Every structure is written in C-alpha cells, then in structure tokens.
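In what follows, a single structure is set out as structure tokens and then discussed.
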Amino acid sequence: MNRLQRMLLLFAAVSARGQEQERLAALEQAVEAAQSSADNAWMLTSTALVLLMTGPGLALFYGGLVRRKNVLSTMMHSFILMAVASVLWAVIGYSLAFGGDGWFLGDFRYAFLGSVGLERQGSIPHLTFIAFQLMFAIITPALISGAFAERMRFSAMLLFTALWSLIVYYPLAHMVWGPGGLLNAFAEGPIPCFDFAGGTVVHISSGVSALVCALYLGKRLGYPSETMRPHNLALSVTGACLLWVGWFGFNAGSALASSALAASAFVATHFGAAAATLGWMLAEWLKNGKPSALGAITGAVAGLVAITPASGFVRPMPALLIGFVAGVVCFYMVAVAKQKLGYDDSLDAFGVHGVGGTVGAILTGVFATRAVADPSGGRAFGWIDGNPMQLVYQLVGSLVAWVIAALGTVVILKICDLTVGVRVDPEHEIQGLDLSMHGEEAYSHES
Amino acid sequence: MKKIEAVIQPFKLEEVKEALIAIGIDGMTVLEVRGHGRQKGHKEVYRGQEYVVDLLPKIKLEIVVPESRLDEVTETLIRAARTGKIGDGKIFVSDIGEAIRIRNGDRGETAL
C-alpha cells in the first residue's frame, strides 16, 4: 500500500465512525422524545384529573352537605378558586413556590411565566409541570372552605384565599417540594420530610387553617340546636366518587412520569381509600348502630388524604393499614371529639384533612420503603427500612406545617376582618348566602 | 255538602285515589304536607350530629262531597288507606257553605 491508499482508508474509517456516532445521537434523541411524549401524556391527564377534584368533585361533595339556601355559595367557593388561584399562580405563585433555592421561599425568576417555555423539567415540558402544580394550588384553599361554609362574606373569602396562597401555600410548597427547600427530602433539605403528593403541603395546611377559621368565625347561627342536615347527600356521594377518581391524578401524577412509581402510587391510593371506607363504616356501625352513606364517603376521603404523603413510598399492605387507621381516627375526631369540643367546623375540613393528613404524614415515616422506588438498594427510607429517624423528620415536618398554617391563618383573618369583615350579617346568614351574597337561588319553586 | 280532609301515608295515595275514582268521586285536591300525630318522629345521625326529625312527610287529600255520600266516601278512604300500623293518619269532616264552578257559575252540589 502506498501512502495515498493508506490515507484514503483512514479517511473512510473516520467518516464511518462519524456517521455511526451521528446515528447513535439521533437514536438517543428519538428515545428521549418518545419517553417525554409518554410522560407528558400521563402528566397532562393527571393535571386534568386534579382539576376534576375541585370542580365538580369538591364542589358537589361540599355542596350537598350544606343547607339548600347555601348550596350555590358553597360550590362557588370551589369554583371561583379555579379562576383566582390560577391567575395568582401565573403572575407570581409558581415562581414563589418553585423558583430559586431558598429554604423557605422561591424567588421572582419565573414571575409572569416570562422565561418559561417548552424546555423540559425532568422528562416533561416545563409548562406541563407548572399546570400540574397549579391544580394543587387550586384545591388546597378550596378545602378550607368547608370550615367557613354558610357564614363567610364572599369578598372576605376572596381576599382570604388570595392572601393564604401567598403567605401559607407558596412557602410550604417551596419548603417541601421546591429546589433547596427546608423539608425537601430529595433536594438535600436539612429536615428531609417525605411528602409524596401533599400530606403536609395540601392537607395539614388546609385542615389546620380550617380549624383556625372555624374557631375565629364562631358557630353558625343556631348550631347545634337547630337542624342543619345536609340538603342533598346524593350530590355528596357523586362528589366523593369524583374525588376518588381525581385522586389518581393527584397521587400517581406526583411521580411526574408515566413510570412504575406512578403505578405503585396509583395502587396505594386506591387501597388506602378502600380500607378507610371500611374503617369509618365499621366504627360508625359499632357506635351509632347504622352504617351511613355519608360515613362511607367521608371515610373514603379521609383515606385518600392519609395515603397522599405515603402513596409513592409504601407497598400495598401498609397502604391498607394507613387507610384503615385514618378511617377510624377521623371518624372519632369528627363524630365524637368535635361534639365534645364544641367548635363548628361546618363540613369537617379539619377532622378529615387536618387529622387525616397528620396521621398519613406520621405513618409515612413508619412504612416508607425504598423497595417501591428503587428495589436495588440506596438509602433506607422509613422505619421498616431500618431508619427510625425518619419518624422524627415526619413529626418535625408536620409541626412546621401546623405552625405556619395556624399563624398565617390568624394573621390573614385579622387582615380580612379589619378590611372587608369576615362574617356575614345575621340577617344575611338567616336568609342564606345564595340570595344575600350572590342574588340567586339554586332551586326555584316556580320553574 | 261536606269537606273531607284526610291525612294519609304518602305511599297509600295511588290506592286511595283509585278507590275513590272507582266509586265515582271525580274531584280531589292533593297536598304534600309534613306533620305528626301520636307517631312522633325518628332520629337521624350525620357525622355524629343527632337530629330528631318529628315532622314526617304526609299526603293531605281534600274532597268535597254531597252529604248523602259522606259515609260511603269515608269508608272507602279508610279501607284503602289503612295498614293497621301507627302513622296511618286521620280524617276530618267539616261543613261547606257553598261551592261554585268558576267556568259557568254553577252553584251547590251541581258544582262538585
């Protein structure tokens, strides 16, 4: 071979390798795009499912529980948050919750969503992530409305939920899920608290705030001597069923991918709800002699609440156990302890979400196992993995959520009271909020 | 003319109506009402909150008949509405001074 031949051969070999590398890169890109498409499909579905929980799910669940003169105002509490919380989220909320890497709060880098586009966050488009997280920011303040239903001025409700989002929700969401957050177990937070889908951020925060609202506002006129029976439990059953279905998006969607972890969370969620339904029903049957439909659906919601922080960390049997415990404990809180303590949490937002959320957060520390996410090994998760310290982190995380929610809510209620006035006038309360606040009625006698 | 007011169990309405039509009673007014006699109410429990529901749903029938048919109608009513249990209801009878058919001004028993 002369020199020229050798050079030609070398050139051919180099260019062949170059082509191969190009092909490989193209293949990798195609695989990534395919995975992103699959994940994005599930995440957009989950996003819609979580919105379904607020309207119609929660709107029906709560709407059926109030008296007929307050059904529209109660449903409006949920519905209007689909608008208010969304606008706030786009303008500033997302940035404060998920921008920056402070311990307590994000920053303004994503304000007005200016710098946000189709680039990926994990394997999904950033905008999908923003929309998914937004749905949580909608339902959380809506849950609180169960405590002040039938007696809060509409203008005060708007001001309260807007301020509550800013002062309680965005900081808590950042602390637990945001980059660098104080309680974020997966971003080197100093207090690594496990909260897969919102036991602290959503349920403890809304439930404890609900209790503060109920205490601050006082009892509804006539409670408990006058009859305040739910006006249409069929609406509530329908709403509870929609909540159950929507919760698959809430929990399994929190895997942020169409992954095996999502499947695990899906299954845990379902078993938690099922066991809690039976737990509440049995407790009620033993105590009151009759198993009510209202009891069964309330038990299901309590179980869904309790399994929320645990859903991505526990195997099916602990999920059953967590659900069952939550069903029994929440029944006791709502049907026994509340009557003795005498506060009027109209629709039991505290008894179900505050108590169920705390039970779930603590039991997550007991039953969380790496076997769910990473069977090959890695660090120990909860007590059953040999990490009893996790229980302490869970307690501290819950306590932080309790304190922020309680203090924040007291301050916000004071602000609302000094500006627009929190509670409606007695004559308006007797007339019903549908007519006095909104100038309409849900059920007309003439048509 | 006599007015018969019968408070009966709601689920007995169809039977009573058919029995009255069968003996040729053409007109009646039916009201959905709530109330209780000696039966009293029942207890309902919602998430541990107990309520005594003492006003129960009932049906009130109003029929105006010629005096001559009073016994026949009340007996038919009793037969159709009776279950033999507490809560079957009551019948009240009172005098009617005048009856007028709005369409043509007929008065008295011909207006019934």
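Chains G and E, in that order, give the protein sequences.
One gets the working numbering by counting positions in the first sequence from 1 and adding 3 to each.
One gets the working numbering by counting positions in the second sequence from 1 and adding 264 to each.
Note that CB positions come from ideal geometry on N, CA and C, so glycine has one too.
Fair warning: this is a prediction, and the values are worked out from it, not measured in the lab.
Residues near residue i in its chain [Cβ-Cβ closer than 8 Å; skip 5 each side]
| i | result |
| --- | --- |
| G/T203 | L175, V179, L186, C196, P312, G360, A364, G400, S401, V403 and A404 |
| G/S261 | A41, D42, A44, W45 and M46 |
| G/V211 | F353, G357, A404, W405, A408, A409 and T412 |
| G/G275 | G306, L307, A309, I310, A313, S314, A322, L323, I325, G326 and A329 |
| E/G299 | V271, L319, L320 and K322 |
| G/A445 | R71, V74, L75 and D437 |
Cβ neighbours of residue i in the same chain (closer than 6 Å, five flanking residues each side left out)
| i | result |
| --- | --- |
| G/S267 | V375 |
| E/Q303 | I350 and G351 |
| E/I287 | T340 |
| G/M78 | A62 and G66 |
| G/T48 | none |
| G/A455 | Because chain G here runs from 4 to 450, residue 455 of chain G falls outside it and cannot be looked at. |
| E/A375 | A363, I364 and R365 |
| G/A134 | T50 |
| E/R371 | I364 |
Closest Cα partner of residue i within the set the options
| i | options | result |
| --- | --- | --- |
| E/R346 | E/K266, E/A270 and E/M265 | E/A270 |
| G/T57 | G/A237, G/I141, G/N43 and G/Q8 | G/I141 |
| G/V414 | G/G221, G/L162 and G/N73 | G/L162 |
| G/A277 | G/P319, G/G21 and G/S261 | G/P319 |
| E/L277 | E/E308, E/L325 and E/I360 | E/L325 |
| E/D290 | E/R333, E/G361 and E/I342 | E/R333 |
| G/M440 | G/M138, G/E430 and G/L30 | G/E430 |
| E/Y310 | G/T301, G/T372 and G/D377 | G/T301 |
| G/L121 | G/S228, G/N43 and G/G60 | G/N43 |
| G/V53 | G/F139, G/L264, G/G306 and G/H80 | G/F139 |
| G/K290 | E/D335, E/P330, E/I355 and E/E314 | E/E314 |
| G/Q393 | G/G381, G/D377 and G/F370 | G/F370 |
| E/I268 | E/V357, E/E373, E/L284 and E/G353 | E/V357 |
| G/A165 | G/F199, G/W92, G/V270 and G/F253 | G/W92 |
| G/F157 | G/A188, G/L224, G/A445 and G/D428 | G/D428 |
| G/L108 | G/L116, G/A279 and G/Y97 | G/Y97 |
Contacting residues, own chain, Cβ-Cβ under 7 Å from residue i (five flanking each side not counted)
| i | result |
| --- | --- |
| G/F443 | Note on residue identity: the sequence assigns Glu, not Phe, to residue 443 of chain G. Excluding sequence neighbours, G/E443 sits near L75 and D437. |
| G/N73 | A152, E153, G435, L436 and D437 |
| E/G369 | none |
| G/V304 | A243, L246 and V355 |
| E/D359 | K266 |
| E/V316 | G305 and K307 |
Identified DSSP bridge partners for residue i
| i | result |
| --- | --- |
| G/P128 | G/R123 |
| E/K267 | E/V328 and E/S358 |
| E/L295 | E/K324 |
| G/R71 | Partner(s): none; G/R71 has no beta bridge. |
| G/I407 | In DSSP, G/I407 forms no bridge with anything. |
| E/V309 | E/E314 |
| G/R426 | G/M155 |
| G/I387 | In DSSP, G/I387 forms no bridge with anything. |
| E/I272 | E/I323 and E/G353 |
**OP:** Scan the region 315-372 of chain E and note each continuous beta strand (DSSP E) run of 3 residues or more that stays entirely inside, going in chain order.
**Re:** 320-329 and 353-359
**OP:** Would you list, in sequence order, the uninterrupted alpha helix (DSSP H) runs of no fewer than 4 residues that lie entirely inside the region 216-291 of chain G?
**Re:** 236-255 and 263-291
Original post:
Any residues in the region 290-307 of chain E with a beta carbon nearer than 9 Å to a beta carbon of chain G? Which ones, in chain order?
Top reply: none
**OP:** Check each residue of the region 297-313 of chain G: if its Cβ is closer than 8 Å to any Cβ of chain E, include it; give the result in chain order.
**Re:** L297, G298 and T301
Subject >> Where the region 225-248 of chain G meets chain E: residues whose CB sits under 7 Å from a CB there >> reply: P227, T230, R232 and P233
**OP:** Counting only runs of 4+ residues fully inside the region 144-231 of chain G, write out the alpha helix (DSSP H) ranges in chain order.
**Re:** 157-167, 173-180 and 208-220
**OP:** Give, in chain order, every residue of the region 356-371 of chain E whose Cβ lies closer than 8 Å to some Cβ of chain G.
**Re:** Residues of the region 356-371 of chain E with a C-beta less than 8 Å from any C-beta of chain G: none at all.
**OP:** Just list the alpha helix (DSSP H) runs in the region 297-362 of chain G, keeping only unbroken ones of 4 residues or longer that don't cross its boundaries, in chain order.
**Re:** 319-335 and 341-344
Subject >> Residues in the region 310-325 of chain E having any Cβ partner in chain G nearer than 7 Å >> reply: Y310, R311, G312, Q313 and Y315
Original post:
In chain order, which alpha helix (DSSP H) runs of at least 4 residues are fully inside the region 42-125 of chain G?
Top reply: 62-68, 74-91 and 97-101
Original post:
Of the residues that make up the region 402-431 of chain G, which ones have a beta carbon closer than 9 Å to any beta carbon in chain E?
Top reply: none
Subject >> Contacting positions in the region 342-359 of chain G - beta carbon closer than 7 Å to chain E >> reply: Listed by position along the chain: Q342 and D351.
Subject >> Chain-ordered residues of the region 329-340 of chain G with a beta carbon less than 7 Å from chain E >> reply: V337, A338 and V339
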